[in-house]
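This report concerns only the one structure given below.
Below, the structure written as structure tokens:
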């Protein structure tokens, strides 16, 4: 998922190594993991999470791995979550795609809350994280057959940019067997909901627009179809220092993010964009407290 060719080791600042001190799961988060893994003892659960964190670091040591975000189902805290579940209940065959899915924790939360597993597909850069997800949740591809498709969103063989679909050229045809797909391209115009969090901020402004256009081409033109998520942002569009020394991260503002979707990705007036800029604690175990600015957002077809 990285926006450069640095090796994983080079991407990690000196203080971004596995750190048990950062383990801090809420009661709700622990309850979800206990339900999903079958591990009921808090100390045993912590040891399990730490073991899988260490294995994930060997694949690619993203800061979100160090901060245990892979163990936290954040999707249910996003405002469109109940609308997502409603799509799963009420729209026949509504496909739900999670981009940058990592261990698949968010989709497992949605499935646990009623979204039909057979209509869910996850995707990340490599198969390793999906395999670690099964190890983390103590499942297999057979016992928990959610679809996973490895691939690079900038590779047109995996995800080609096409114009957003309209009701006039809505994609039709028999239901797709999601586990048999070899790229995301057969999903053009057929996806009812796309979740993409902690992903856009990995890329520069030009590539963020590319990803937006690529995802828009997957979205069904049906009213209520949506793309939603959260990522790093700023009150005014620009760049900020990232966690890697000497590397700056491009961040949209609520205004520029709205303009990207309503006017650049989609023709103006075809979607409703909602944004909420928040300051959240960055490291609850460090004093003085550090905060990060994030954008919670949704793009809904009208």
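In my numbering, the protein residues as written are 3 to 304.
Beta carbons: idealized from backbone N, C-alpha and C, even for Gly.
Close CB contacts of residue 220 within its chain, under the 8 Å cut and outside five residues either way in sequence, are with 99, 161, 186, 189, 190, 191, 192, 193 and 196 (chain order). Between residue 231 and residue 43, the alpha-carbon positions lie close to 32 Å from each other. Runs of the beta strand (DSSP E) lying entirely within the stretch 93-145 and spanning at least 3 residues, in chain order: 97-101 and 122-126.
The beta carbon of residue 259 sits closer than 8 Å to those of 235, 275, 277, 297 and 299, all from its chain and outside the five residues before and after it, given in chain order. Shown here, residue 168 sits in coil according to DSSP, grouped into three states, outside any helix or strand. Going by DSSP, residue 149 is part of the beta strand (DSSP E) stretching over 149-152. For residue 280, the enclosing beta strand (DSSP E) stretches over residues 273-283. Excluding sequence positions up to five before and after residue 83, its CB lies within less than 7 Å of the CB of 77, all in the same chain and listed in chain order. Judged by beta-carbon spacing, residue 105 lies within the 8 Å limit of residue 72, meaning their Cβ atoms are closer than that value.
With fewer than 16 other Cβ atoms inside 10 Å of its own Cβ, residue 282 counts as exposed. Secondary structure at residue 197: strand, using DSSP grouped into helix, strand and coil.
Out of 150, 135 and 112, the CA that lies nearest to the CA of residue 179 is found in 150. Residue 237 and residue 182 have their C-alpha atoms roughly 42 Å apart. Your pair residue 216 and residue 155 checks out as a contact, with CB atoms roughly 6 Å apart and the cut at 8 Å.
Ranked by Cα distance from residue 103, the first of 75, 53 and 256 is 75. For residue 59, the closest C-alpha among the options 34, 130 and 33 is that of 130. Under the DSSP assignment, residue 232 falls in the beta strand (DSSP E) whose first and last residues are 228-234. Residue 128 sits exposed, since fewer than 16 C-beta atoms from the chains shown fall within 10 Å of its C-beta. Secondary structure of residue 41 (DSSP, three-state): coil. Annotation: residue 31 to residue 171 spans about 42 Å, alpha carbon to alpha carbon.
Between residue 55 and the set 35, 70 and 270, the nearest pair of CA atoms involves 70. Nearest Cα to residue 250 within the set 204, 229, 96 and 152: 204.
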